[in-house]
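Presented below is the structure to which this report refers.
Protein chains: 2
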Amino acid sequence: MLIGAIEAGGTKFVCSVLDEFNETKDRCVIRTRGPEETLAEAADFFRKHPIDALGVGAFGPIDLNDRSETYGTIKNTPKTAWKDFPLRDELKRMLGVPVAVDTDVNAACLGEFRFGAGRDVDSAVYITVGTGVGAGFVKEDQVFKGLTHPEMGHIKVSRMVDDSFEGVCLYHGDCLEGLVSGPAIEKRAGISGADISVDDPVWASVAHYIAQALVNYTLVLCPERIIIGGGVMKQSHLYPMIRKEFQRILNDYITIEDLESYITPPKLDDDQGVIGAAGLAKDITGS
Amino acid sequence: MLIGAIEAGGTKFVCSVLDEFNETKDRCVIRTRGPEETLAEAADFFRKHPIDALGVGAFGPIDLNDRSETYGTIKNTPKTAWKDFPLRDELKRMLGVPVAVDTDVNAACLGEFRFGAGRDVDSAVYITVGTGVGAGFVKEDQVFKGLTHPEMGHIKVSRMVDDSFEGVCLYHGDCLEGLVSGPAIEKRAGISGADISVDDPVWASVAHYIAQALVNYTLVLCPERIIIGGGVMKQSHLYPMIRKEFQRILNDYITIEDLESYITPPKLDDDQGVIGAAGLAKDITGS
Chain A
1 MLIGAIEAGG
11 TKFVCSVLDE
21 FNETKDRCVI
31 RTRGPEETLA
41 EAADFFRKHP
51 IDALGVGAFG
61 PIDLNDRSET
71 YGTIKNTPKT
81 AWKDFPLRDE
91 LKRMLGVPVA
101 VDTDVNAACL
111 GEFRFGAGRD
121 VDSAVYITVG
131 TGVGAGFVKE
141 DQVFKGLTHP
151 EMGHIKVSRM
161 VDDSFEGVCL
171 YHGDCLEGLV
181 SGPAIEKRAG
191 ISGADISVDD
201 PVWASVAHYI
211 AQALVNYTLV
221 LCPERIIIGG
231 GVMKQSHLYP
241 MIRKEFQRIL
251 NDYITIEDLE
261 SYITPPKLDD
271 DQGVIGAAGL
281 AKDITGS
Chain B
288 MLIGAIEAGG
298 TKFVCSVLDE
308 FNETKDRCVI
318 RTRGPEETLA
328 EAADFFRKHP
338 IDALGVGAFG
348 PIDLNDRSET
358 YGTIKNTPKT
368 AWKDFPLRDE
378 LKRMLGVPVA
388 VDTDVNAACL
398 GEFRFGAGRD
408 VDSAVYITVG
418 TGVGAGFVKE
428 DQVFKGLTHP
438 EMGHIKVSRM
448 VDDSFEGVCL
458 YHGDCLEGLV
468 SGPAIEKRAG
478 ISGADISVDD
488 PVWASVAHYI
498 AQALVNYTLV
508 LCPERIIIGG
518 GVMKQSHLYP
528 MIRKEFQRIL
538 NDYITIEDLE
548 SYITPPKLDD
558 DQGVIGAAGL
568 AKDITGS
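From first to last, the protein sequence lines stand for chains A and B.
If you count the first sequence from 1, position 166 lands on 166 in the numbering used here, and the numbers rise without skipping.
To convert a position in the second sequence, counted from 1, into the numbering used here, add 287.
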């Protein structure tokens, strides 16, 4: 069996063909332009391989309600060329195979849950802290969805005393994404994130707000593990800082046996999105 | 079929016998004392009726992991006489019928979901704002649980500028419960909640913090409805205030078609806990 997988991001589409053991058989990276051009190039790549199904983890918002008439359509995105684009239906039409679509973070969460840092638990949150902040949740092998898909990166957090940074979220100012995304960190520090020294006080605020969000996810979703990935988390000194803040804020209200394993980095390098997208595709082939 | 149901609270146990149509056949209210005395009185009541199963919605924390050795046991509660008390096993032993146990808010959520304000949707959050603040979540007819049961009443919220009230939560100070529970409101106003006038500014802060929590639940759980009950919500002028603040904070990030129906009062008067507990019991009889 061959499976197609796309990690559809705002700057690039990572297209991959995998076998049933998640071995990559072929792969290409496409620069994201308008939907017609980008999909035409992706379809050319996949047509070279007899794939049985295609899975896509895409930027959102996407309509994931399978009872909806616009199921699999990109909704109100700032990427105007993609607004209202029927991503799932178009790929299905172009490639003639079943297509499963979910958000990029839900796909990444599924990838880590099945094959990475969540392999040994029944439920896991995956949060990515990068250009944006997003999180997905998998429970009992299924991606969690509701009326819409979660938008956990935009929850409100309590501001640190004396922190007057206004945040960068266009919708909410100082929501989590507005405070800890890559652009937020750079705006706060005045220099590129990679150039900020490890002992700069900016990291304490980043760790504090991420920890607060993890406390909230813990109190609401009660996952067995929280996996944090994304570009900002390449600053690996953040992990112990986040765990310490998490413990301080939660104040033993819920017993977490092993904090080091509870809050953990991803294990699939940067392949969790593609591997998760392949998982979505496998689920609709029924094998 | 007759079903026993208990709403097990810190001050009273409401015990009820219902038929399969949720008609109450008998009912008594017991003052909560230590577990032996309280359960002896409850068992005397239920022994008068040939019940097929018993459902309990109880104060927590409770071990709800059915793979755990202490399944159905009250855990680390400030009500010290109840700490580590095997509530489910004791009731099962005393009455000789199957016993299902969940938290009080999960039971209330199930009651409203199946027979009250959530009857026409696929998922609902029920939040109670009273002496404490707690919330449950039902999705696809099942109570949501994870590593533990949710403790959504204790999420952190962003403080209003100029609000220096320190909050009353023993664990977290100014978490949601610490800011909007009945005792928090009375401490902030200096008088009993029922005596505070409708236009007192304290209500604006209560509405703001509750709205923030509802935004966070919406972004994480994506429920189709949020039902708010509990003693504080008898102040029904809070509902429109909460909806308005919710809309302002969410800032159209997720489209909610009908806010009036999305954020709504309960419909089962104060019977949602007992009716939900009966639902838990029915589920384990398999009928």
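Where is the CB? At the ideal position from N, CA and C, for every residue including glycine.
Shortest alpha-carbon distance to residue i belongs to which of the options?
| i | options | result |
| --- | --- | --- |
| residue 330 of chain B | B:392, B:377, B:544, B:475 | B:377 |
| residue 314 of chain B | B:566, B:562, B:570 | B:562 |
| residue 392 of chain B | B:570, B:559, B:573, B:565 | B:559 |
| residue 320 of chain B | B:293, B:551, B:299 | B:299 |
| residue 522 of chain B | B:493, B:370, B:543 | B:493 |
| residue 530 of chain B | B:545, B:517, B:519 | B:545 |
| residue 109 of chain A | A:99, A:97, A:143 | A:143 |
| residue 361 of chain B | B:335, B:322, B:334 | B:322 |
| residue 338 of chain B | B:448, B:384, B:503 | B:384 |
| residue 168 of chain A | A:162, A:60, A:186 | A:186 |
| residue 87 of chain A | A:72, A:226, A:77 | A:72 |
| residue 41 of chain A | A:82, A:20, A:77, A:15 | A:15 |
| residue 175 of chain A | B:435, B:481, B:538, B:508 | B:538 |
| residue 427 of chain B | B:508, B:549, B:305 | B:508 |
| residue 123 of chain A | A:286, A:270, A:279, A:262 | A:262 |
| residue 436 of chain B | B:450, B:481, B:390 | B:390 |
When you compare only the Cα positions, how much space is there between residue i and residue j?
| i | j | result |
| --- | --- | --- |
| residue 125 of chain A | residue 153 of chain A | 12 Å |
| residue 366 of chain B | residue 536 of chain B | 37 Å |
| residue 458 of chain B | residue 467 of chain B | 15 Å |
| residue 443 of chain B | residue 488 of chain B | 21 Å |
| residue 524 of chain B | residue 146 of chain A | 29 Å |
| residue 349 of chain B | residue 357 of chain B | 9 Å |
| residue 135 of chain A | residue 230 of chain A | 11 Å |
| residue 351 of chain B | residue 39 of chain A | 47 Å |
| residue 209 of chain A | residue 460 of chain B | 17 Å |
| residue 58 of chain A | residue 29 of chain A | 14 Å |
| residue 380 of chain B | residue 334 of chain B | 12 Å |
| residue 121 of chain A | residue 354 of chain B | 14 Å |
| residue 212 of chain A | residue 189 of chain A | 21 Å |
| residue 445 of chain B | residue 290 of chain B | 43 Å |
| residue 196 of chain A | residue 568 of chain B | 57 Å |
| residue 226 of chain A | residue 131 of chain A | 20 Å |
| residue 575 of chain B | residue 505 of chain B | No statement about residue 575 of chain B is possible, as the shown extent of chain B runs from 288 to 574 and does not include it. |
| residue 160 of chain A | residue 216 of chain A | 16 Å |
| residue 363 of chain B | residue 307 of chain B | 35 Å |
| residue 394 of chain B | residue 255 of chain A | 23 Å |
| residue 370 of chain B | residue 347 of chain B | 10 Å |
| residue 163 of chain A | residue 450 of chain B | 15 Å |
Output, in chain order, the set of chain B residues within a Cβ distance shorter than 9 Å of residue i.
| i | result |
| --- | --- |
| residue 123 of chain A | 433, 434 |
Please compile the residues from chain B whose C-beta is within a distance smaller than 8 Å of the C-beta of residue i.
| i | result |
| --- | --- |
| residue 209 of chain A | Neighbours of residue 209 of chain A on chain B: none; closest Cβ ~10 Å, over 8 Å. |
Quick check: residue i and residue j, are their CB atoms within less than 8 Å of each other?
| i | j | result |
| --- | --- | --- |
| residue 598 of chain B | residue 343 of chain B | Any property of residue 598 of chain B remains undetermined from this structure, which presents chain B solely from 288 to 574. |
| residue 237 of chain B | residue 533 of chain B | In this structure chain B extends from 288 to 574, so residue 237 of chain B is not present and cannot be described. |
| residue 510 of chain B | residue 372 of chain B | no |
| residue 22 of chain A | residue 115 of chain A | yes |
| residue 340 of chain B | residue 571 of chain B | yes |
| residue 526 of chain B | residue 151 of chain A | no |
| residue 515 of chain B | residue 470 of chain B | no |
| residue 398 of chain B | residue 555 of chain B | yes |
| residue 464 of chain B | residue 519 of chain B | no |
| residue 528 of chain B | residue 491 of chain B | yes |
For a contact defined as C-beta to C-beta under 8 Å, what are the partners of residue i on chain A?
| i | result |
| --- | --- |
| residue 443 of chain B | 157, 158, 212, 215, 216, 249 |
| residue 540 of chain B | 151, 154, 171, 172 |
Task: Against chain A: residues of the segment 503-518 of chain B by CB proximity under 7 Å - done: 503, 504, 506, 507, 508, 509, 510, 511
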